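So the protein lines, in turn, are chains A and B.
For the first sequence, the residue numbers in this note's numbering are 1113 to 1323.
For the second sequence, the residue numbers in this note's numbering are 1113 to 1323.
Scroll down for the structure; my scribbles are underneath it.
2 protein chains.
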Amino acid sequence: MQDTPGAQRARKTSRIQMRNRKRILDAALEVFSTHGYRGTTLDQIAEQAGISKPNILYYFDGKEDIHVTLLNHLMDEWLAPLHAVDPDGDPLEEIVGYVRRKLEMARDLPRESRLFANEILQGAPRMAPHLESVLKPLVDDTARLIEAWIAAGKLAPVDPRHLLFSIWATTQHYADFEAQVQVLMGDADAHKGASAHLERMFRRLLEPDPS
Amino acid sequence: MQDTPGAQRARKTSRIQMRNRKRILDAALEVFSTHGYRGTTLDQIAEQAGISKPNILYYFDGKEDIHVTLLNHLMDEWLAPLHAVDPDGDPLEEIVGYVRRKLEMARDLPRESRLFANEILQGAPRMAPHLESVLKPLVDDTARLIEAWIAAGKLAPVDPRHLLFSIWATTQHYADFEAQVQVLMGDADAHKGASAHLERMFRRLLEPDPS
DNA sequence: TCGTATCTTTACCAAATGGTAAAAAAGCAA
DNA sequence: TTGCTTTTTTACCATTTGGTAAAGATACGA
């Protein structure tokens, strides 16, 4: 009787198991994020990981298992900046700081950004439950916080959810649409300009009017 | 000797040809925009169009031909709002009007938005030449126009390219990430709120400081 | 109505792809 | 070393998929 690691029934994960699962997930992130789910083949992942295809299927139950594991695994990392918003901090600085961290993530973790973009673009078929159970409560909380800040006169009035959409859209754009940005900006360092531009934009949007 | 329409050697396009090519392209837009290039099968397009697969290949040279045709065909439509920006109009109103039109397109033509998003996300493998030859010159022109407006004190200073990125990102977000917006906004009419939010945001960004 | 060109269907095929069975190899505790 | 478990490889397989050949049906001008 074989306890397959893929089925998560193994007593404890050996060192080899840890190493290989990590390798596979990293390779899969690379491939999934650039070709999408259907555009990715197990052979590509296998080559990228330097592990044979059947061996990959020894560690995971299948292509979909790898994809779902990646998605769920990276969700926390991806939402960390939103968790880091401090209710007791200065509202404007907290939001601007959030924008900056999101932009840094778009620069440093473009694969993760594209992985999520691909998934959402196709209707979030494998992530809908997670969006509902993890993202939504967090966004609801944040929206309440922003509304409180607005009510206290610390921020100009905005719809909190549309504000978040604008932040996500503008920052992730530099990762998700990199091919286009590249064509239009040439060799110029897009990130530096983007940072200044976005900080300015969200400051002007959110600075409360002197009353 | 057969003059296949797919090879564009037909003397003149018959009525049947027009109708069927249109049907196929519409079906293909539907499927490509939701499943991406690799995620789309000719069988899906065939079923959606109500035309048999071999018959589809009578009108187009292959899957890629359909995709490229769609992309090139829709590019003009997609860029129309940018062409409509009037150098002689009021700068702030021209930009805000552009934002509004882009948002309306995201609402009315979400399939086109997702088709392009899918393509760019994956590195624009089939659209890079078009980006370079069509989009880039147009963006360069618009950037010069915006810079002139800024120099004339009609707009607050911004990097024109990053401004365009922000406009594209925020407006297209409502089409491309609709699945997410849906989860987070529920039944609320996202478009109305988005319109007010974005108009406000770009006005505050671009209103020149009284000096 | 006839003949030709256009259009559509039927019946396939080769390659790619996700996945499996089972044997061989490698680790490892005793 | 021995014996058992874990890991990896080899050799496959069934399905899907983009695409083709060729016969059959249809439109259409003369």
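Yeah, the Cβ is synthetic: ideal placement off N, Cα and C, and Gly gets one too.
No experiment lies behind these values; they were computed from the predicted model shown.
1) Can you round the beta-carbon distance between Leu1233 (chain A) and Asp1288 (chain B) to whole angstroms, since I take them to be within the 8 Å contact cut?
2) DSSP on Gly1209 (chain A), reduced to helix/strand/coil?
3) Name the residues in the segment 1211–1240 of chain A whose C-beta lies less than 8 Å from a C-beta of chain B; which are they?
4) Between His1309 (chain B) and Tyr1286 (chain B), is the Cβ-Cβ spacing less than 8 Å?
5) Going along the chain, which residues of its own chain have a beta-carbon closer than 8 Å to the beta-carbon of Ser1307 (chain A), five neighbours each way excluded?
6) Under 8 Å by Cβ, that's how I've got Lys1248 (chain A) and Pro1320 (chain A) pegged, so tell me the actual separation to the nearest angstrom.
7) Using a Cβ cut-off of 9 Å, which residues of the segment 1275–1290 of chain B contact any Cβ in chain A, in chain order?
8) Could you check the C-alpha separation between Ser1145 (chain A) and Ala1264 (chain B) for me, to the nearest Å?
9) With a 10 Å radius around its C-beta and 16 neighbouring C-beta atoms as the bar for buried, classify Asp1271 (chain A) as buried or exposed.
10) Can you tell me whether DSSP reads Lys1266 (chain B) as helix, strand or coil?
11) Could you work out which residues of chain B lie near Gly1151 (chain A), taking near to mean beta carbons separated by less than 9 Å?
12) Could you check which residue in B:Ala1158, B:Asn1184, B:His1195 has the C-alpha nearest to that of Leu1250 (chain B)?
13) What number of angstroms, rounded off, separates the C-alpha of Leu1243 (chain B) from the C-alpha of Ser1225 (chain B)?
14) Can you tell me which of the three DSSP states Glu1319 (chain A) falls into?
15) Leaving out five residues on either side along the sequence, give the residues of the same chain with a beta carbon under 6 Å from the beta carbon of Arg1223 (chain A).
16) Is it right to say Thr1125 (chain A) is buried, meaning 16 or more other beta carbons lie within 10 angstroms of its own, or is it exposed?
17) Tell me which same chain residues have a C-beta within less than 7 Å of the C-beta of Lys1175 (chain A), skipping the five on either side of it?
18) Exposed or buried, what is Ser1278 (chain B) when buried is set at 16 or more other beta-carbons lying within 10 Å of its beta-carbon?
19) Would Asp1271 (chain A) count as contacting chain B if we go by Cβ distances under 8 Å?
20) Please classify Ala1192 (chain A): is it buried, with 16 or more other beta-carbons within 10 angstroms of its beta-carbon, or exposed?
21) Taking DSSP as the reference, what is the three-state secondary structure of Met1130 (chain B)?
22) Starting from Ile1178 (chain A), trace the alpha helix (DSSP H) in both directions and tell me its first and last residue.
If we stick to the structure as given:
1) The beta carbons of Leu1233 (chain A) and Asp1288 (chain B) sit about 6 Å from each other, so the pair counts as a contact at 8 Å.
2) Here DSSP, grouped into helix, strand and coil, assigns Gly1209 (chain A) to helix.
3) So the close ones are Arg1226, Ala1229, Asn1230, Ile1232, Leu1233, Gln1234, Gly1235, Ala1236, Ala1240.
4) The beta carbons of His1309 (chain B) and Tyr1286 (chain B) sit no closer together than 8 Å.
5) Arg1212, Leu1215, listed in sequence order.
6) About 28 Å separates the two Cβ atoms, so there is no contact after all.
7) The segment 1275–1290 of chain B vs chain A, Cβ under 9 Å: Leu1275, Leu1276, Phe1277, Ser1278, Trp1280, Ala1281, Thr1282, Thr1283, Gln1284, His1285, Tyr1286, Asp1288, Phe1289, Glu1290.
8) Rounded to whole angstroms, Ser1145 (chain A) to Ala1264 (chain B) spans 43 Å at the Cα level.
9) Buried.
10) Coil.
11) Within chain B, the residues near Gly1151 (chain A) are Gly1148, Tyr1149, Arg1150, Gly1151, Gln1234.
12) Ranking B:Ala1158, B:Asn1184, B:His1195 by Cα distance to Leu1250 (chain B) puts B:His1195 first.
13) Whole-angstrom Cα-Cα distance: 15 Å.
14) It is coil, neither helix nor strand.
15) Leu1141, Ser1145.
16) Exposed: under 16 other Cβ atoms inside 10 Å.
17) Cβ within range, chain order: Leu1154.
18) Counting other Cβ atoms within 10 Å of its Cβ, Ser1278 (chain B) reaches 16 or more and is therefore classed as buried.
19) Judged by the 8 Å Cβ criterion, Asp1271 (chain A) is in contact with chain B.
20) Exposed, because fewer than 16 other Cβ atoms sit within 10 Å of the Cβ of Ala1192 (chain A).
21) Met1130 (chain B): helix per DSSP, three-state reduction.
22) In the DSSP annotation of this structure, the continuous segment of the alpha helix (DSSP H) that includes Ile1178 (chain A) starts and ends at 1175–1195.
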